[in-house]
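K.L.:
These protein sequences, in sequence, are chains G and F.
Note that our numbering has the first sequence beginning at 6, numbered continuously upward.
Note that our numbering has the second sequence beginning at 20, numbered continuously upward.
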Amino acid sequence: MLFSIAKDSLLSRKKTVFLTFCSLVISLLVLLSVEHIRLQAKESFNRTISSTDLIVGGPSGQLNLLLYSVFRIGTPTANIKYESFQALNEKRLVKWTIPISLGDSHKGFRVLGTNSDYFEHFRYGKKKPLALSQGKQLETLFDTVIGADVAKTLGYQVGDQIVITHGIGKVGFTNHDKSPFVIAGILERTGTPVDKTVHVSLEAIEAIHLTPAKLQKVIADPNSVDLTPKSVTAVLVGLKNKFATFKIQRDISQDPNDRMMAILPGVAMTELWSLLGSVENILRVIAALVLLSSLFGLSTMLLASMNERQAEIAIFRVLGAGPVKIMLLIFVEAILLALSAIIFSVMLITAILYGFEDFLASEYGLFISSNILSLDVVKLLGVVLVATIVTALFPAIEAYKSALYRQLSKR
Amino acid sequence: MSVAIELRNLKQHYSGKVDTELQFNDWQVQRGDKVFLHGDSGSGKSTLLNLISGVLTPTSGEISILDEVTSALSNAKRDNFRAQHIGVVFQSLNLVPYLTVLKNIKLARYLAKQAQRNLVEQAKSLMNQLNLDEQVLDKKVSELSVGQQQRIAIVRALINQPEILLVDEPTSALDVSARDAFMSLLLNTCNENGTTLIFVSHDQHLKKYFETCVDMTDLLKKQEVS
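1) Shortest alpha-carbon distance to Lys-3(G) belongs to which of Gly-160(G), Asn-94(G), Thr-197(G) and Arg-97(G)?
2) Return helix, strand or coil for Leu-163(F), following the three-state DSSP convention.
3) May I have the straight-line CA-CA distance separating Ile-191(G) from Glu-40(G), to the nearest angstrom?
4) How many angstroms separate the CA atom of Ile-318(G) from the CA atom of Glu-40(F)?
5) Exposed or buried, what is Asp-98(F) when buried is set at 16 or more other beta-carbons lying within 10 Å of its beta-carbon?
6) Quick check: is the beta carbon of Tyr-117(F) nearer than 7 Å to any beta carbon in chain G?
7) Please look up how many angstroms separate the CB atoms of Gly-130(G) and Arg-52(G), rounded, as I've assumed it's under 8 Å.
8) Using only the alpha-carbon positions, how far apart do Thr-149(G) and His-126(G) sit?
9) Fully enclosed by the region 100 to 165 of chain F, which beta strand (DSSP E) runs are 3 residues long or longer?
10) Sort Ala-397(G), Ile-394(G) and Thr-355(G) by Cα distance to Ser-379(G) and report the nearest one.
11) Run through chain G and tell me which residues come within less than 9 Å of Val-249(F), C-beta to C-beta.
12) Can you find a heavy atom of the ligand SAH that lies under 6 Å from the Cβ of Ser-17(G)?
13) Based on Cα-Cα distance, which residue from His-214(G), Gly-140(G), Leu-232(G) and Asp-226(G) lies nearest to Val-187(G)?
14) Kindly list the residues whose CB is nearer than 7 Å to the CB of Met-311(G), restricted to its own chain and excluding five residues on each side of it in sequence; keep chain order.
15) Which residue's Cα is closest to the Cα of Gly-106(F): Ala-23(F), Leu-206(F) and Leu-177(F)?
16) Establish whether the CB of Arg-77(G) and some CB of chain F are separated by less than 7 Å.
17) Got a sec: is the Cβ-Cβ distance from Leu-342(G) to anything in chain F below 7 Å?
18) DSSP state of Gln-142(G), grouped into three classes?
19) List the whole-angstrom C-beta distance separating Asn-28(F) from Glu-81(F), where the pair is believed to meet the contact cut-off of C-beta under 8 Å.
20) Going by other Cβ atoms of all chains shown within 10 Å of its Cβ, with 16 needed for buried, is Gly-1(G) buried or exposed?
21) Quick one: grab the DSSP three-state call for Thr-238(G).
22) Would you mind reading off the limits of the beta strand (DSSP E) that contains Val-54(F)?
23) So is Pro-328(G) buried or exposed if we call it buried at 16+ other beta carbons inside 10 Å?
24) Which partner residues does His-204(G) have in the DSSP bridge list?
25) Apply the 10 Å Cβ neighbour rule to Ser-28(G) and answer buried if 16 or more other Cβ atoms are within range, or exposed otherwise.
26) What would DSSP say about Asp-237(F), mapped onto helix, strand or coil?
27) Please confirm whether Val-270(F) has its beta-carbon closer than 7 Å to some beta-carbon of chain G.
28) In the structure shown, what three-state DSSP assignment does Val-168(G) receive?
29) Can you tell me the Cβ-Cβ gap for Arg-101(F) and Thr-215(F), rounded? I've got them flagged as a contact below 8 Å.
30) Quick one: is Val-395(G) buried, meaning 16 or more other Cβ sit within 10 Å of its Cβ, or exposed?
31) Quick check on the burial criterion: 16 or more other C-beta atoms within 10 angstroms. Buried or exposed for Asp-381(G)?
32) Please go through the same chain and pick out, in chain order, the residues whose beta-carbon is closer than 7 Å to the beta-carbon of Leu-149(F), but skip the five residues on each side of it.
33) Give me the Cα-Cα distance between Gln-31(F) and Ser-220(F), rounded to the nearest whole angstrom.
34) Whole angstroms is fine: what's the gap from Thr-102(G)'s alpha carbon to Ala-346(G)'s?
35) Which term fits Pro-189(F), buried or exposed, when burial requires 16 or more other beta carbons within 10 angstroms of its beta carbon?
36) Given a cut-off of 7 Å on the beta-carbon distance, is the pair Leu-146(G) and Glu-208(G) in contact?
If you want it as structure tokens, here you go:
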């Protein structure tokens, strides 16, 4: 009953209530999206790579190497020799290696040249291996294995023929349309950049960069031309013993035969995250302040209405409502308004994220789930409700006092 | 016949710019009585109504309503007692303007902590007694005429079958013909429901509807200013 009265009371003051509602929704949108994107970014970020001890690449910055080898953002600046990769593979303390060759694309999705070790050793999330949802791994020269998003966006099935372009734009510099790749397998969704990647063999990368005449020969007979790669972009390395990490890292950077650098993914990730982290904290503080000002707006609105509601309070008193009940009515109104603003903004954000999910993932490598109700966000909403109750104390106490001293007829 | 309202040694003290004290003579109203209480504004009528309904607690003395000493009850109990046993109607602003008529009536039932069962039937039968169209139940209060609002206020005041109905200048917003119609409807309804009625007005013309007439000045002892 109190609930339904509060609803009618709010509806009777449509204009002020609507404006307060808008102000609450906007501030909640800011707060929720900052919080959600922060949590999602961190999660998506941290699940991208797992179990890898070192990433080896051409000398550049630690962040640059991390960004292009793991997140497929930016362009590789320098490659390392294929011999260096082979030497790395034979080191005593190295358990496994995954070579990565980047630089080509298929309809805007990055193409990654690698070998079967990728499917065997690559881990994401909580040490989860890659799994095929359909088809098989790379077997012949022109086999490709595509990520779940590639398959979904482009509508590919196992067995479809595709064309790989040189360069990484949506329209490549040269269409390698004489090299008919076949989709051999589709990976299960991982929520990492793997979903947006087209995997081919290292040899296939070599093949598409041959002259057209040579390429024809390869298509006719894959063994007629030597397709041993000359270089790879980066190598992911797993070690037998974590304590050897720094020794190997030093050895690699001091290798006399090639110019290389090795980074620890965990360290590089932390550095990248701390760059984002300070921005994130500023955003959170701003969002909290915006919300606070909206809640004060809500409380002001209720307080201002107290004057015109004197007669109403008198009626409630006549009917036997105690001051506590009148105070409760004000609380219910505040909570009702805040709750509907929360529900509306959650729905709005979900809708917006649902619409922009693919855009964010393909343009920024951000995998933002449109399901925003994580435990942290629900906790945050609880805090918002508590803050609403605290700010509603002002008008509620006013109502209580006014009810206490209110007499039946106004004279 | 038992006693509906009884005042004993009742005093109400006001502190303000000038401290004033109202001292009431002892007074009894029998159940089922219909009393016309006449007094000019400022004569203490409102204070008396506030005391009887229990919104105010007296400085000293006792008020018994239906053999219950309400002046000794706690605030919450007195509020509850009022909700269940006393109906009140003012000259205007009796209804919550943003609620429908039905919800206003439901609110009274809710605050009296009684079941909502049969509410609509009871409201409709009271509305019939007061010559109100049943259709107005679903209308917003603001859509009704003043006369309709006053009659709805009576329905709302009587919905919990209170033993006592306090009415304060209910006709001052009505024109003469509406006033006469309202008065006879009010008295008939009270008779049918056996309700004790205290009707407060400064309008001497309304005296003719009542057997018992009391003047405020007779109720008050000589005012002392301390």
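For glycine and all other residues, C-beta sits at the position ideal for the given N, C-alpha and C.
The structure presented is a predicted model; accordingly, all values stated were derived computationally and were not measured.
P.N.:
On the basis of the data shown:
1) In the structure as shown, chain G begins at 6 and stops at 416. Residue 3(G) is therefore absent and cannot be evaluated.
2) Of the three classes helix, strand and coil, the one that applies to Leu-163(F) here is coil, per DSSP.
3) Annotation: Ile-191(G) to Glu-40(G) spans about 33 Å, alpha carbon to alpha carbon.
4) In a straight line, the C-alpha of Ile-318(G) is about 27 Å away from that of Glu-40(F).
5) Flag for Asp-98(F) reads buried.
6) Taking Cβ atoms only, chain G reaches closer than 7 Å to Tyr-117(F), which makes this a yes.
7) With a beta-carbon spacing of about 4 Å, Gly-130(G) and Arg-52(G) fall inside the 8 Å limit used to define contacts.
8) Computed Cα separation, rounded: 18 Å.
9) Runs of the beta strand (DSSP E) inside the region 100 to 165 of chain F: 105 to 108.
10) Comparing Cα-Cα distances from Ser-379(G) to each of Ala-397(G), Ile-394(G) and Thr-355(G), the minimum goes to Thr-355(G).
11) Residue coverage of chain F in this structure runs from 20 to 245, which leaves residue 249(F) outside it and unanswerable.
12) Of the ligands one can find in the structure shown there are none, so the ligand SAH has no counterpart to examine.
13) Nearest C-alpha to Val-187(G): Gly-140(G).
14) Apart from sequence neighbours up to five positions away, the residues of its chain that approach Met-311(G) with a beta-carbon distance below 7 Å are Pro-400, Glu-403, Ala-404 and Ser-407, ordered along the chain.
15) From the listed residues Ala-23(F), Leu-206(F) and Leu-177(F), the smallest Cα separation to Gly-106(F) is found for Leu-177(F).
16) By this cut-off, Arg-77(G) is not an interface position.
17) Answer no: the Cβ-Cβ gap between Leu-342(G) and chain F never drops below 7 Å.
18) Three-state result, Gln-142(G): coil.
19) Confirmed, about 7 Å.
20) As displayed, chain G neither begins before 6 nor continues past 416, which places residue 1(G) out of reach and without an answer.
21) In this structure, Thr-238(G) counts as coil in the three-state DSSP scheme.
22) Bounds of the beta strand (DSSP E) holding Val-54(F) are 53 to 57.
23) Residue environment: Pro-328(G) is assigned as buried (16 or more neighbouring CB atoms within 10 Å of its CB, all protein chains considered).
24) BP columns for His-204(G) point to Leu-117(G) and Val-150(G).
25) Ser-28(G) counts as buried, since at least 16 other C-beta atoms from the protein chains shown sit within 10 angstroms of its C-beta.
26) In the structure shown, Asp-237(F) sits in a helix (DSSP, three-state: H, G or I).
27) Here chain F comprises residues numbered 20 to 245, so residue 270(F) is not present and cannot be evaluated.
28) Taken through DSSP and simplified to helix, strand or coil, Val-168(G) comes out as coil.
29) The C-beta distance from Arg-101(F) to Thr-215(F) rounds to 14 Å, too long to meet the 8 Å contact threshold.
30) Exposed is the call here.
31) Here Asp-381(G) is exposed. Its C-beta has fewer than 16 other C-beta atoms within 10 Å.
32) Excluding positions up to five away in sequence, the list reads Arg-170, Ile-173, Val-174, Leu-204 and Thr-208.
33) A straight line joining the alpha-carbon of Gln-31(F) with that of Ser-220(F) spans about 21 Å.
34) If I take the Cα positions, the gap works out to 52 Å.
35) It counts as buried.
36) Judged by beta-carbon spacing, Glu-208(G) lies within the 7 Å limit of Leu-146(G), meaning their Cβ atoms are closer than that value.
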